[in-house]
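First up is the structure itself, then whatever we jot down about it.
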Amino acid sequence: MSRSEKHANQDHKKGKKPIYFICCCALLLLFIGGYFFTEYFFADKPNDQNLGDKVVITLPTGKKVFTYENLIVEENGKLLYKGDRNTLDLTGGVIVYEDWD
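Just so it is clear: in the sequence shown, position 50 is 50 by the numbering used here, and no numbers are missing.
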């Protein structure tokens, strides 16, 4: 039997099955790990700090702002919302203590 005949008689797919199985398992573990990672680090949980009562501020234009009492401050006669990333001028707005969801 020559080399070409031996090569033709071999089953080439037999050696690739374990590699495919290992790759599929690794991919599955990666997806499961990514899911738990995002749930643990990026969950939508409220902050542990006390933000105060819930309020609704109705602006003179008729728009409403839903926020917490401790995020509203008064500086130089102006009513301001001071959040983590921005500051909004709410001067002239009417504050109503209201429980919103």
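Cβ atoms here follow ideal geometry from the backbone N, Cα and C, with glycine treated the same way.
Length of the line joining the Cα atoms of residue i and residue j
i, j, result
"S2", "K17", "27 Å"
"E69", "L80", "11 Å"
"G102", "D101", "Residue 102 lies beyond the range of the chain shown here (1 to 101); nothing can be said about it."
"N86", "T38", "26 Å"
Residue i, enclosing beta strand (DSSP E) - first and last residue
i, result
"L88", "87-89"
"K16", "Run containing K16: none; DSSP gives neither H nor E here."
Supposed contact pair residue j and residue i - C-beta distance, whole angstroms, cut 8 Å
i, j, result
"E98", "K54", "6 Å"
Count the CB pairs spanning the region 17-29 and the region 57-74 that are closer than 8 Å, and state whether there are at least three.
no
Which ranges does the alpha helix (DSSP H) cover as unbroken runs of at least 4 residues, wholly within the region 40-72, from first to last along the chain?
none
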